[in-house]
Amino acid sequence: MKPQISYRKRRDLMLKNFSAAHCVSILSEVIMHSSGSLACHRGRPCAVRKERLIAFIVWSRLSGDGYERMEQQSECYLGRHYDHSLFQYHYTRLSQALLCTLTSFFERKIKELTNEILLHIADSTALSTSVREERLVQGTRNKVKLSIKFHTVLGYDPPWQMVVVEGMSATDKHCGDGRGAQNTISHNKLVGYLFGDSAYETHALLEQACKQGLIPVIKPTKKPVHRKLSVKAQLRKAWKGNPSRLYHDIRGTGEVLYGAATRAGIIHTHSRRTDNQYKDALIIGLRQNLFTYLRLKALHRIIRKTQAERNLFILIRRL
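Numbering (our numbering), first residue to last: 3 to 321.
Right, here's the structure in full:
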């Protein structure tokens, strides 16, 4: 089902109505409601409002800018010239909970402007990095590249052709896809269908999904199921038919999040600290929800304006 207004049209409306400075202001207002996460009692207070400074750092990170680029643009957005080490310090002090809070806030705003979302897609990806550490591999000490896994549960609305991040988490590579999705959906009240590839066909995830009222549509693996009365075995019997067709139609939509992050240049992290690498992963989900909200907001402004003009025209004709 195609929307009445295409994605490209909505994107053009967003670019016309929301500049980069306006986006920083929106982030600053949202962060102001979570100012408790920015409390710091050491050092002198910032000349620029703390929420504005953090909003600028978050906007620069989701745009793929480094700290030196932030220093060059600080006078344009903040009215003062700051050193790049200050931005690195504040980004390190930033909590992961604040990024998740911002993402959840824009998720709620998106769902207020759209229909109820019944299609949910579990997916994950690994953020590449150039950081190497010494590790023992088969008794030999070698330097290996570190990698961060980013787990997401995405909501998909076919009439609007829209994808929204409903839950996310960043872990190391030792956390499996099924465990990451299970932890994500346990903190969200979702209804409808849950899609996932064969890596998500675990007993714990399927039982958790059914317990919460979700209908799992998970691609089965080639391994046989030994627990014949489990939820996994029951879903295997009904796979051939509607679940298989639904999976092939819906599952690939979840890749748009990582495609957008790749084009923005934020799928690769240059941070050396592990906590900053986790934040670089969470920035991907925040970017998706922020831009999705701005596209919908710009479209609703045009719809309200058009409806108001139409009502005024009808009123004039009646007079």
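Glycine is no exception: its CB is placed at the ideal position from the N, C-alpha and C atoms.
With DSSP as the reference, label Glu257 as helix, strand or coil. Here the question's residue 257 lines up with position 255 in the sequence shown. In the structure shown, Glu257 sits in a helix (DSSP, three-state: H, G or I).
For Phe197, which of helix, strand or coil comes out of DSSP? Numbered from its first residue, the sequence shown carries residue 197 at position 195. If DSSP states are grouped into helix, strand and coil, Phe197 belongs with the strands.
Alpha carbon to alpha carbon, how far is Ile316 from Lys299? Translated into positions along the sequence shown, residue 316 becomes position 314. Translated into positions along the sequence shown, residue 299 becomes position 297. Its pLDDT being 40, under 50, Ile316 is placed unreliably in this model, and the coordinates cannot settle the point.
Classify Phe293 as helix, strand or coil using the three-state DSSP reduction. Translated into the one-based positions of the sequence shown, residue 293 becomes position 291. Looking at Phe293 - three-state DSSP - the assignment turns out to be helix.
Which residue spans inside the region 120-191 form an unbroken beta strand (DSSP E) run of at least 3? Here the runs fully enclosed are 121-131, 134-139, 142-147, 150-159, 164-174.
Classify Gly157: buried if its beta carbon has 16 or more other beta carbons within 10 angstroms, exposed otherwise. Within the sequence shown, the letter at position 155 stands for residue 157. Result: buried.
Leaving out five residues before and five after Val193 in sequence, what residues of the same chain have Cβ atoms less than 6 Å from its Cβ? Residue 193 sits at position 191 when you count from the first residue of the sequence shown. Gly215.
Measure the C-alpha to C-alpha separation of Arg238 and Pro222 and round it to an integer number of angstroms. Reading the sequence shown from its first residue, position 236 is the one you call residue 238. Reading the sequence shown from its first residue, position 220 is the one you call residue 222. Answer to the nearest angstrom: the Cα atoms are 7 Å apart.
Quick check on DSSP: helix, strand or coil for Leu216? For this step, residue 216 is matched to residue 214 along the sequence shown. Correct three-state label for Leu216: strand.
Suppose you measure from the CA of Leu301 to the CA of Trp61; what does that come to, to the nearest Å? As a position in the sequence shown, residue 301 is number 299, starting the count at 1. As a position in the sequence shown, residue 61 is number 59, starting the count at 1. Approximately 22 Å between the Cα atoms of the pair.
Rounding to the nearest angstrom, what Cα-Cα distance links Glu168 and Ala22 in this structure? For this step, residue 168 is matched to residue 166 along the sequence shown. For this step, residue 22 is matched to residue 20 along the sequence shown. Straight-line Cα distance between these residues: approximately 25 Å.
DSSP three-state call for His270: helix, strand or coil? For the purposes of this step, residue 270 is identified with residue 268 of the sequence shown, where counting begins at 1. Strand.
Going along the chain, which residues of its own chain have a beta-carbon closer than 6 Å to the beta-carbon of Arg63, five neighbours each way excluded? By one-based count along the sequence shown, residue 63 stands at place 61. Only Ile285 meet the Cβ criterion.
Nearest-angstrom Cα distance between Cys177 and Ser27? One-based indexing of the sequence shown puts residue 177 at position 175. One-based indexing of the sequence shown puts residue 27 at position 25. Cα to Cα, the separation comes out at about 36 Å.
Using DSSP with H/G/I as helix, E/B as strand and the rest coil, what is Asp251? Against the sequence shown, residue 251 aligns to sequence position 249. Helix, per DSSP.
Can you look up Ile33 in the DSSP assignment and give me helix, strand or coil? As a first step, residue 33 is located in the sequence shown; it is residue number 31 there, counting from the start. Helix.
Simplified DSSP assignment, three categories, for Phe108: As a working note, residue 108 is residue 106 in the sequence shown. If DSSP states are grouped into helix, strand and coil, Phe108 belongs with the helices.
Using a threshold of 7 Å, state whether the C-beta atoms of Arg247 and Met16 are closer than that. Indexing the sequence shown from 1 puts residue 247 at position 245. Indexing the sequence shown from 1 puts residue 16 at position 14. It is not a contact, given that the beta carbons lie outside the stated cut-off.
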